[in-house]
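Structure record follows, encoded as structure tokens.
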Amino acid sequence: MSNVPEIVTGLFDVFVPGTFLLVNLVLVLYRVPVIDKQTTAFIKSVAKDSGLVAVYAVLFGYLIGILLRLLRTEHADNWSAAWLRAFHPHACVGGRGGQGSSTRYRRWAREAFPYLGWIGELCRDYLPEEANRFYERTWKPILAKRRRQNRQFLNFSKLIVGSEDQTLAKEISSAEALNRYISAMCYALIISTVLVAGVVVWNYAWYGTLMLSMIVLAGLYLVAIGVILGNLRFSRIKEVETVFAACYKHRALFEDAAKEQKNQP
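Each residue of the sequence shown is one higher than the one before, starting from 10 at the first, in my numbering.
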């Protein structure tokens, strides 16, 4: 039973995006104008056999999902930040500048993961003073020391909290899995959109007709990509906020370590 969460997580953020892209690959392969009759007949025969469908979905869906997982979440996160800077009404400080003037963006729209500077603003402006003091004693020195974002510190914090609190560890893991799923689906949607659009263009060049169903499908995928890019950055920030809250709950672990490091000669 202890492996159930890991299995569910793998199904959620690896298998589902991989199967989605696999379905689109098969759809595109079936609709390509120059596809031979043997390949078309093979696709039809597999589609009629639920057992074969399950086997191919497990084998190739999971493989494609692993390949999507290897694409870094940071890339999709950076695209999301760029999307927010371009379209979010509150991404700019004091409104968008006119032509020839520089535009200042809020930290959550420009800072790299894990957004340690934004967590500092959050503690200072929105959280209780004790949370801000904890940030100043533990997280801020890490940011000042590195002078850039520090993923290693975030991973270290997850491990420390996970060793002390399994409930919070599962909550952090769920937030991380959700963001992996969103980023993998973003990549799968982008690839699927390019493939579907390519089939539409190819079919028009080959037969001179437009495939309305495929055009609608590509449009729906574009809308989904826009929704993901408009929310992925906020979802990742929520993940880091969850880690910070978990660290604050077990702040004695981090504060004792900070005191020992400060007292070293």
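Glycine residues also receive a C-beta, built at the ideal position from the N, C-alpha and C atoms.
Bear in mind the structure is a predicted one, so any value in this text is a computation, not a measurement.
Going by DSSP, H84 is part of the alpha helix (DSSP H) stretching over T82 to F96. Of the residues assessed, R142 falls on the exposed side of the cut-off, its CB having fewer than 16 other CB atoms within 10 angstroms. In the assembly as shown, R133 is an exposed residue. Its beta-carbon has fewer than 16 other beta-carbons within 10 Å.
Classified as buried, Y257 has 16 or more neighbouring CB atoms from the shown chains inside 10 Å of its CB.
The segment 167-186 and the segment 244-257 touch, with three or more beta-carbon pairs separated by less than 8 angstroms. With fewer than 16 other Cβ atoms from the protein chains shown falling within 10 Å of its own Cβ, R160 counts as exposed. By the CB criterion at 8 angstroms, N87 and L204 fall outside the cutoff. Leaving aside the five residues that flank R81 on each side, none in its chain has a CB nearer than 6 angstroms to its CB. In this structure, the straight-line span from the alpha carbon of I191 to that of V232 is close to 14 angstroms. For Y114, the secondary structure class from DSSP, reduced to helix, strand or coil, is strand. H97 and R116 have their C-alpha atoms roughly 13 angstroms apart. Here the alpha carbon of S166 sits roughly 16 angstroms from the alpha carbon of E145.
Burial check for A95: the Cβ neighbour count within 10 Å stays below 16, so the residue is exposed. Judged by DSSP secondary structure, E120 falls outside any alpha helix (DSSP H); it is assigned neither H nor E.
Considering only W92, V67, L61 and T49, the residue with the shortest C-alpha distance to G235 is W92.
Nearest to I200 by C-alpha distance, out of L20, L125, T49 and G74, is G74. Annotation: the continuous alpha helix (DSSP H) that includes P26 extends over V25 to R40. CA-CA distance, E248 to W215, rounds to 48 angstroms.
Taking all protein chains in view, the Cβ of V23 is crowded by 16 or more other Cβ atoms within 10 Å, so the residue is classified as buried. Annotation for M194: P26 place their beta carbon closer than 6 angstroms to its own, counting only its chain and skipping 5 residues before and after. Note that the C-beta distance between Y114 and I246 is not below 8 angstroms.
Within the DSSP secondary-structure output, C101 pairs in a beta bridge with Y114. Here the alpha carbon of G228 sits roughly 30 angstroms from the alpha carbon of F122. With a cutoff of 8 angstroms on beta-carbon distance, S89 and L241 are scored as near each other.
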